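Asker: Protein sequences, first through last, are from chains H and D. Just so we're aligned: 330 in numbering that gives the first Met the number 0 is position 331 of the first sequence, and the numbers increase by one with no gaps anywhere. Just so we're aligned: 25 in numbering that gives the first Met the number 0 is position 26 of the second sequence, and the numbers increase by one with no gaps anywhere. Cβ coordinates follow ideal geometry from the N, Cα and C atoms, glycine included. Predicted, not measured: the structure shown is a model, and the values here were computed from it. After the structure tokens below, expect a handful of questions from me.
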Amino acid sequence: MPIRTVMKANEAAAWAAKLAKPKVIAAFPITPSTLVPEKISEFVANGELDAEFIKVESEHSAISACVGASAAGVRTFTATASQGLALMHEVLFIAAGMRLPIVIAVGNRSLSAPINIWNDWQDSISERDTGWLQFYAENNQEALDLILIAFKVAEDERVLLPAMVGFDAFILTHTVEPVEIPDQEVVDEFLGEYEPKHAYLDPARPITQGTLAFPAHYMEARYTVWEANENAKKVIDEAFTEFEKKFGRKYQKVEEYRTDDADIIFVTMGSLAGTVKEYVDHLREKGLKVGAAKLTVYRPFPTEEVRELAKKAKVLALLEKNVTFSVGGALFQDFSRALVNLDERPKIVDFILGLGGRDVTFKNLDEALAIAQKALNGEEFDEVNWVGLRKEIL
Amino acid sequence: MAESPFKADIERVQKEYSEKMTPGAVATIPGSSVINKTGSWRVFMPEFNRDKCTRCFLCYIYCPEPAIYLDEESYPVFDYDYCKGCGICANECPVDAIVMVREVK
Ligand code: SF4
Ligand code: SF4
Chain H
0 MPIRTVMKAN
10 EAAAWAAKLA
20 KPKVIAAFPI
30 TPSTLVPEKI
40 SEFVANGELD
50 AEFIKVESEH
60 SAISACVGAS
70 AAGVRTFTAT
80 ASQGLALMHE
90 VLFIAAGMRL
100 PIVIAVGNRS
110 LSAPINIWND
120 WQDSISERDT
130 GWLQFYAENN
140 QEALDLILIA
150 FKVAEDERVL
160 LPAMVGFDAF
170 ILTHTVEPVE
180 IPDQEVVDEF
190 LGEYEPKHAY
200 LDPARPITQG
210 TLAFPAHYME
220 ARYTVWEANE
230 NAKKVIDEAF
240 TEFEKKFGRK
250 YQKVEEYRTD
260 DADIIFVTMG
270 SLAGTVKEYV
280 DHLREKGLKV
290 GAAKLTVYRP
300 FPTEEVRELA
310 KKAKVLALLE
320 KNVTFSVGGA
330 LFQDFSRALV
340 NLDERPKIVD
350 FILGLGGRDV
360 TFKNLDEALA
370 IAQKALNGEE
380 FDEVNWVGLR
390 KEIL
Chain D
0 MAESPFKADI
10 ERVQKEYSEK
20 MTPGAVATIP
30 GSSVINKTGS
40 WRVFMPEFNR
50 DKCTRCFLCY
60 IYCPEPAIYL
70 DEESYPVFDY
80 DYCKGCGICA
90 NECPVDAIVM
100 VREVK
């Protein structure tokens, strides 16, 4: 029987790792994800997880050790956040280019300067071009589930790409919620053993990894990463279906909430989706035709699903905790690109909010709604809006 | 100069590498060192004096590339496609049958 208990997202991530039975975990502690490697090292020390736990002196080393282990052909896991993920940046490209199915749990946190340990998505959003798959969890259960799904997708022969699973700093990492820990046997059935076919260490079958590619081959090698990202779309759907069959919890790349007949749809990711759903309920009570959508998968970008979503609304209001300078948020760029060539498309309004752990309240969402309504009524509106900005101190 | 003993390998590797991109650009068969000619790195080249040579094979053993092979009479032959000009052979030769000279390209 699955165990129902309460735990923080950090513990949920550690449990997911334990259930996935990685052979190597290399990690460096960083707020807010420190508890993930702490808990895993406990599992290893207690003999509950038969794995090598490598203590390293930096995140660059942590991911490098993971690359080495994964290249040797074993399931590999690490956890990090913020500056730690940024320090891994160089090696993230290498892991994707070498097609190593490493999984990282990311406690989504802001980037310096100024130093700030609280939640936004700037850390993992900034890594969107590395080739890694990206999942975002709304709650602690999703943190656990999506890590298992991430392993499943990453290791699929049609994909073979590393994956990161983000969950919001403190809002999730340090808050206990009810979580169901699935049975080990069912997880074993779902994931199976990782059997490396392209990356392994075997003296009887020598191969060279991390090779040099001259101009005649580099482009093709990069294209295969592109192609693997495209393939991942289908593989993720399959994994979601199988996950639902085995564990009973349903996932979708883009999850919709009360979107039928909606004029305005709020789109967001991570824990903010919970707040937004409540806000939508609150508006519906007032008779406003408003819905919500949540991106569970950000890379590969769910272009098809976003186009379907766009058919349902007159205005898409994007709520994002990250900044792409000169553009707005990263989602604004992605949504614009997904919809730009459609004959009919909704207006897109972008909202930057909740940076560095700033609470996102109903009052903030009212501010966003007012601007979205302007767009709906054909009035002039700003494409990019910083919500809850304390203009009085500027 | 005697024909390179790697000729068959070179052809095999060239053929297989021109075929398919592997996931992660993994080189699945050994031998890419054979098609990547490292001789272009060279600044100094070994100049061989056959009259002085005692056929002790030290140069053959020490060459890290290995760019030295032996002809029918067991004299060293230098494969300048792969000799990177490190000078180890000249350093090891006990009778100074090899000297490094600046290569003018
Ligand atoms: S110079 Fe170096 S690489 Fe060239 S033949 Fe001598 S030992 Fe070999
Ligand atoms: S080390 Fe000198 S003497 Fe010995 S085989 Fe080579 S060239 Fe001849």
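What alpha helix (DSSP H) runs, 4 residues minimum, are completely inside the stretch 205-265 of chain H?
Answerer: Here the runs fully enclosed are 214-246.
Asker: Any heavy atom of ligand 2 closer than 7 Å to the Cβ of D/P75?
Answerer: Here the question's residue 75 of chain D lines up with position 76 in the second sequence. Under cutoff, so the answer is yes.
Asker: Is H/R98 close to chain D, meaning its C-beta is less than 8 Å from at least one C-beta of that chain?
Answerer: Residue numbering aside, residue 98 of chain H sits at position 99 when the first sequence is read from its first letter. By this cut-off, H/R98 is an interface position.
Asker: Taking only beta-carbon positions, decide if H/Q183 is within less than 8 Å of chain D.
Answerer: For the purposes of this step, residue 183 of chain H is taken as the residue at position 184 of the first sequence. No - not a single Cβ of chain D is within 8 Å of the one on H/Q183.
Asker: Output needed for H/V105: all residues of its chain with C-beta closer than 8 Å, excluding positions within five of it in sequence on either side, in chain order.
Answerer: On the first sequence, residue 105 of chain H is found 106 positions in, with the first residue counted as 1. The answer, listed in chain order, is S32, A78, T79, A80, L84, D122, S123, M163, V164, G165, F166.
Asker: Shorter than 8 Å from the beta carbon of H/T207 to some beta carbon of chain D?
Answerer: Here the question's residue 207 of chain H lines up with position 208 in the first sequence. So, interface residue.
Asker: Taking the beta carbon of H/T258 as the centre, do at least 16 other beta carbons fall within 10 Å, making it buried, or is it exposed?
Answerer: The residue labelled residue 258 of chain H in the question sits at position 259 within the first sequence. Burial call: buried.
Asker: Cα-Cα, which of D/A89, D/V12, D/V103 is closest to D/Y61?
Answerer: Position 62 of the second sequence, counting from 1, holds the residue named residue 61 of chain D. Checked all of D/A89, D/V12, D/V103; the closest Cα to D/Y61 is D/A89.
Asker: When you measure from the CB of D/E46 to every non-hydrogen atom of ligand 1, does any distance come out below 7 Å?
Answerer: Numbered from its first residue, the second sequence carries residue 46 of chain D at position 47. No, since every heavy atom of ligand 1 falls outside the 7 Å radius drawn around the Cβ of D/E46.
Asker: Mind reading off the beta-carbon distance from H/F92 to H/P181? Whole number of angstroms is fine, and I expect it under 8 Å.
Answerer: Mapped onto the first sequence, residue 92 of chain H falls at position 93. Mapped onto the first sequence, residue 181 of chain H falls at position 182. Not quite, the Cβ-Cβ distance comes to about 33 Å (not below 8 Å), so this is no contact.
Asker: For H/W225, does the count of other Cβ atoms within 10 angstroms reach 16, so buried, or fall short, so exposed?
Answerer: Position 226 of the first sequence, counted from the first residue, corresponds to residue 225 of chain H. H/W225 comes out exposed.
Asker: Tell me the DSSP secondary structure of D/Y61 in three-state form.
Answerer: For the purposes of this step, residue 61 of chain D is taken as residue 62 along the second sequence, with counting starting at 1. The answer is helix: DSSP assigns D/Y61 an H, G or I state.
Asker: How would you list, in chain order, the residues of chain A whose beta-carbon sits under 7 Å from the beta-carbon of H/E219?
Answerer: Although the question refers to chain A, the structure presented lacks it and instead comprises the protein chains H and D.
Asker: Return the residue from the list H/N138, H/E184, H/A153 that minimises the CA-CA distance to H/T174.
Answerer: Residue mapping note: residue 174 of chain H aligns to position 175 of the first sequence, counting from 1. Nearest C-alpha to H/T174: H/N138.
Asker: Please list the partners that H/A203 has in chain D, where partner means a Cβ-to-Cβ separation under 9 Å.
Answerer: Position 204 of the first sequence, counting from 1, holds the residue named residue 203 of chain H. Result: empty, since nearest Cβ-Cβ is about 12 Å, beyond 9 Å.
Asker: Excluding the 5 residues preceding and the 5 following H/L432 in the sequence, name in chain order all residues of the same chain whose CB lies nearer than 8 Å to its CB.
Answerer: Any answer about residue 432 of chain H is impossible in this case: the structure gives chain H only from 0 up to 393.
Asker: For chain H, check one thing: does any of its Cβ atoms lie closer than 8 Å to the Cβ of D/V33?
Answerer: Here residue 33 of chain D is taken as the residue at index 34 of the second sequence, counted from 1. It does not; no Cβ of chain H falls within 8 Å.
Asker: By how many angstroms is the C-alpha of D/F47 removed from the C-alpha of D/D70?
Answerer: Within the second sequence, residue 70 of chain D is the residue found at index 71, counting from 1. Within the second sequence, residue 47 of chain D is the residue found at index 48, counting from 1. Whole-angstrom Cα-Cα distance: 14 Å.
Asker: Are the C-beta of D/T53 and some C-beta of chain H separated by less than 8 Å?
Answerer: One-based indexing of the second sequence puts residue 53 of chain D at position 54. No, because no Cβ of chain H sits closer than 8 Å to the Cβ of D/T53.
Asker: Are the stretch 182-200 of chain H and the stretch 60-76 of chain H in contact at 8 Å, needing three or more beta carbon pairs?
Answerer: A contact exists between the stretch 182-200 of chain H and the stretch 60-76 of chain H.
Asker: With a threshold of 8 Å between beta carbons, is H/A68 in contact with chain D?
Answerer: The residue given as residue 68 of chain H occupies position 69 in the first sequence. With 8 Å as the cut-off, H/A68 does not count as an interface residue toward chain D.
Asker: On a CA-only basis, which of H/A291, H/A68, H/A44, H/T240 is nearest H/D201? Give me that one, please.
Answerer: As a first step, residue 201 of chain H must be located in the first sequence, where it is residue number 202. The shortest C-alpha separation from H/D201 is found at H/A68.
Asker: Quick one: grab the DSSP three-state call for D/S22.
Answerer: Numbered from 1 along the second sequence, position 23 holds the residue referred to as residue 22 of chain D. The residue asked about is misnamed: residue 22 of chain D is Pro in this sequence, not Ser. Note: D/P22 maps to helix in three-state DSSP.
Asker: From the DSSP secondary-structure annotation, give me the bridge partner or partners of H/F334.
Answerer: Position 335 of the first sequence, counted from the start, is the residue given in the question as residue 334 of chain H. Per DSSP, none; premise fails for H/F334.
Asker: Using a Cβ-Cβ cutoff of 8 Å, what residues of the stretch 133-163 of chain H are near chain D? List them in chain order.
Answerer: For the stretch 133-163 of chain H, which is checked against every Cβ of chain D, the residues closer than 8 Å are L159.
Asker: Hey, H/L294 and H/V253 are a contact pair by Cβ (cut 8 Å); roughly how many whole angstroms apart?
Answerer: Numbered from its first residue, the first sequence carries residue 294 of chain H at position 295. Numbered from its first residue, the first sequence carries residue 253 of chain H at position 254. With a Cβ gap of about 6 Å, H/L294 and H/V253 count as contacting.
Asker: Against chain H, does D/V25 count as a neighbour if the rule is that its beta carbon must be under 8 Å from one of theirs?
Answerer: Taking the second sequence and counting its residues from 1, the one referred to as residue 25 of chain D is at position 26. Closer than 8 Å to some Cβ of chain H, the Cβ of D/V25 qualifies, so yes.
Asker: Rank H/T207, H/L393, H/D187 by C-alpha distance to the C-alpha of D/T21 and give the top, closest one.
Answerer: Here residue 21 of chain D refers to the residue found at position 22 of the second sequence. Comparing Cα positions, the closest option is H/T207.
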